[in-house]
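Contents: one structure, followed by commentary.
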Amino acid sequence: MDRLIRAITADGMVKATAVTTRSLTERARQIHKTLPVATAALGRTLAAASMMGNALKSDGASLTIQVRGGGPLGAIIVVSDNEGNVRGYVEHPEVDLPLREDGKLDVGTAVGADGTLTIIKDLHMKEPYVGSVQLLGGEIAEDIAQYYVESEQIPTACALGVLVERDQSVRCAGGYLIQLLPGAGEDVISRVEAGVYAAGAVTKMLAEQDDPEAMLRKVLSDFELEVLETSEVTYRCTCSRDRVSRALLSLGSKELQAILDEQGKADLTCQFCDKVHHFSGEDLRRLVEQARNTGR
Numbered sequence: 059m060d061r062l063i064r065a066i067t068a069d070g071m072v073k074a075t076a077v078t079t080r081s082l083t084e085r086a087r088q089i090h091k092t093l094p095v096a097t098a099a100l101g102r103t104l105a106a107a108s109m110m111g112n113a114l115k116s117d118g119a120s121l122t123i124q125v126r127g128g129g130p131l132g133a134i135i136v137v138s139d140n141e142g143n144v145r146g147y148v149e150h151p152e153v154d155l156p157l158r159e160d161g162k163l164d165v166g167t168a169v170g171a172d173g174t175l176t177i178i179k180d181l182h183m184k185e186p187y188v189g190s191v192q193l194l195g196g197e198i199a200e201d202i203a204q205y206y207v208e209s210e211q212i213p214t215a216c217a218l219g220v221l222v223e224r225d226q227s228v229r230c231a232g233g234y235l236i237q238l239l240p241g242a243g244e245d246v247i248s249r250v251e252a253g254v255y256a257a258g259a260v261t262k263m264l265a266e267q268d269d270p271e272a273m274l275r276k277v278l279s280d281f282e283l284e285v286l287e288t289s290e291v292t293y294r295c296t297c298s299r300d301r302v303s304r305a306l307l308s309l310g311s312k313e314l315q316a317i318l319d320e321q322g323k324a325d326l327t328c329q330f331c332d333k334v335h336h337f338s339g340e341d342l343r344r345l346v347e348q349a350r351n352t353g354r
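Okay, so the sequence shown: first residue is 59 according to this note's numbering, each after it adds one.
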């Protein structure tokens, strides 16, 4: 069971979110058949999106993270709903790289650092909010922190981690976001930095205890924490036959007729969950007729 926790310090100077995502990261690995370095890159992005999406309180809102670093993994696309349930994929899940000299997965090289991190918030207003920053190193966590500083002017510490077993399954995964609130002084910054440094790596903490609250309390051990919310999060794809039908209709009658003439049917695979939506020749004929009747 993956869990997300939101908290604030008793002095009102720091807000924090932490999440454990072992199950949903393992689900993503099984769907996309990712090799370890792709599992780590996608898993880190899933954890970040879950925490950032959960911060959107309007019903039906969504948050998308796009990482395009120019590395061999290609693009990483992850979408979260406003509860923190996520789905995502990496363009080249089959990429494998040698371990770094310290024995860790080389996520930075796999993602690349010559590109951008883009955050899209769809709050059901006229236009979605889009913020983009240059990647610092492709390790994801530092890039998320940089986004908050540059795009939202919120001093942020972000740590993300995925530990992959020898059999390529996910042993633990998750992360935390710690943000300073207005009025936080240098002393608060110093205490947060000291706590982050002393706590060590996310994977080490989660391997010992797979609990987001315990992780936050360890990182912010110098503060009194008040838990605001605890919730379960999962890997959740929202694709449906109805949505795929609407996508096909948007192509227009001419394009649909061409597909019918050339292929006689259509099989569309969801990028997020790999589910195949099958449309027979008869299904396509009905869609062609529908498109014509609506002037498409």
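For glycine and all other residues, C-beta sits at the position ideal for the given N, C-alpha and C.
Quick caveat, the model's predicted, so the values are computed rather than measured.
Expressed to the nearest angstrom, what Euclidean distance is found between the alpha-carbon atoms of residue 141 and residue 320? As a first step, residue 141 is located in the sequence shown; it is residue number 83 there, counting from the start. As a first step, residue 320 is located in the sequence shown; it is residue number 262 there, counting from the start. Distance between the alpha carbons of residue 141 and residue 320: 42 angstroms.
Measuring CA to CA, which of 93, 118, 100 and 345 is closest to residue 300? On the sequence shown, residue 300 is found 242 positions in, with the first residue counted as 1. Nearest C-alpha to residue 300: 345.
Residues that residue 230 bridges to, as DSSP identifies them: Numbered from 1 along the sequence shown, position 172 holds the residue referred to as residue 230. Checking the DSSP bridge columns, you'll see residue 230 partnered with 221.
Run the CB neighbour count on residue 336, radius 10 Å, all protein chains shown included, and call it buried at 16 or more, exposed below. Taking the first residue of the sequence shown as 1, we reach residue 336 at position 278. It is exposed - the Cβ of residue 336 has fewer than 16 other Cβ atoms within 10 Å.
Considering only residues of the same chain and omitting the five flanking positions on each side of residue 317, which have a CB-CB separation below 7 angstroms? The sequence position of residue 317 within the sequence shown is 259, counting from 1. Closer than 7 angstroms at Cβ, skipping near neighbours: 324 and 342.
Using a Cβ-Cβ cut-off of 8 angstroms (strictly less than) and excluding sequence neighbours within five positions of residue 182, which residues of its own chain qualify? As a position in the sequence shown, residue 182 is number 124, starting the count at 1. Excluding positions up to five away in sequence, the list reads 116, 118 and 119.
Can you give me the start and stop residues for the beta strand (DSSP E) that residue 187 sits inside? Along the sequence shown, one-based indexing puts residue 187 at 129. Segment 187-192, the beta strand (DSSP E) holding residue 187.
Exposed or buried, residue 237, counting other C-beta atoms within 10 Å across all chains shown (16 or more means buried)? The residue you call residue 237 lines up with position 179 of the sequence shown. The Cβ neighbour count for residue 237, taken over all protein chains shown within 10 Å, is at least 16; the residue is labelled buried.
Comparing alpha-carbon positions, which option in 74, 64, 97 and 75 lies nearest residue 229? Within the sequence shown, the letter at position 171 stands for residue 229. When only C-alpha atoms are compared, the closest one is 97.
Assuming contact is defined by CB atoms lying nearer than 8 angstroms, are residue 246 and residue 71 in contact in what I supplied? As a working mapping, residue 246 is identified with position 188 in the sequence shown. As a working mapping, residue 71 is identified with position 13 in the sequence shown. Yes, they are a contact pair.
Going by the beta-carbon positions, is the gap between residue 233 and residue 218 smaller than 8 angstroms? Residue 233 sits at position 175 when you count from the first residue of the sequence shown. Residue 218 sits at position 160 when you count from the first residue of the sequence shown. With contacts defined by Cβ atoms closer than 8 angstroms, residue 233 and residue 218 form a contacting pair.
What do you reckon, are the CB atoms on residue 297 and residue 262 nearer than 8 angstroms? Reading the sequence shown from its first residue, position 239 is the one you call residue 297. Reading the sequence shown from its first residue, position 204 is the one you call residue 262. Cβ distance not < 8 angstroms, so residue 297 and residue 262 don't count as in contact.
Could you tell me which of 303, 349 and 312 sits nearest to residue 338, measuring between CA atoms? What you label residue 338 is simply residue 280 of the sequence shown in a count that begins at 1. For the residues 303, 349 and 312, the minimum Cα distance to residue 338 belongs to 303.
As assigned by DSSP and simplified to three states, the class of residue 313: As a working note, residue 313 is residue 255 in the sequence shown. Here residue 313 sits in helix by DSSP.
In whole angstroms, give me the CA-to-CA distance for residue 123 and residue 175. Working through the sequence shown from its first residue, we reach residue 123 at position 65. Working through the sequence shown from its first residue, we reach residue 175 at position 117. So the two alpha carbons sit approximately 7 angstroms from each other.
What does the alpha-carbon distance come out to for the pair residue 290 and residue 77? Within the sequence shown, the letter at position 232 stands for residue 290. Within the sequence shown, the letter at position 19 stands for residue 77. In a straight line, the C-alpha of residue 290 is about 9 angstroms away from that of residue 77.
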